[in-house]
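What follows is a single structure, written as structure tokens, with notes after it.
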Amino acid sequence: MQVHINHQLFHLPDDSGASIIQLLDQAGITSHTGIALAVNNQVIPRPHWGSHQLMPGDAITLISATQGG
């Protein structure tokens, strides 16, 4: 299955759908602290990341909080 993460193509090994948690694991993103995520421009609350099923072609926007001044 192919999805886009921040406008970059990403391949998931299974075409039957994957959860956001599975996607983050496959992408090597192990810390979920300070991350906001939207699928097809709809923000998905963190408690739903394990149950929200991705579909082929979904556009995921991943935003990480940073410190600065």
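So for the sequence shown, the working numbering puts the first residue at 75; every next one is plus one.
Don't be surprised by glycine CBs; every beta carbon is placed ideally from N, CA and C.
Item to check | residue 21 versus residue 138: straight-line alpha-carbon distance, rounded | outcome: With the chain running from 75 to 143 in the structure shown, residue 21 is simply not present.
Checklist entry - Between which two residues does the alpha helix (DSSP H) harbouring residue 82 extend? => result The residue given as residue 82 occupies position 8 in the sequence shown. Looking at the DSSP string, residue 82 is not in any alpha helix (DSSP H); the run it does join, the beta strand (DSSP E), is 82-85.
Item to check | Contact belief for residue 128 with residue 92 at Cβ below 8 Å, rounded distance in angstroms | outcome: As a position in the sequence shown, residue 128 is number 54, starting the count at 1. As a position in the sequence shown, residue 92 is number 18, starting the count at 1. The pair is a contact, with the Cβ atoms about 5 Å apart (cut-off 8 Å).
Item to check | For residue 135, the residue or residues it bridges with in DSSP | outcome: Reading the sequence shown from its first residue, position 61 is the one you call residue 135. 112.
Checklist entry - Where does residue 106 fall in DSSP's three states? => result Translated into positions along the sequence shown, residue 106 becomes position 32. Coil, per DSSP.
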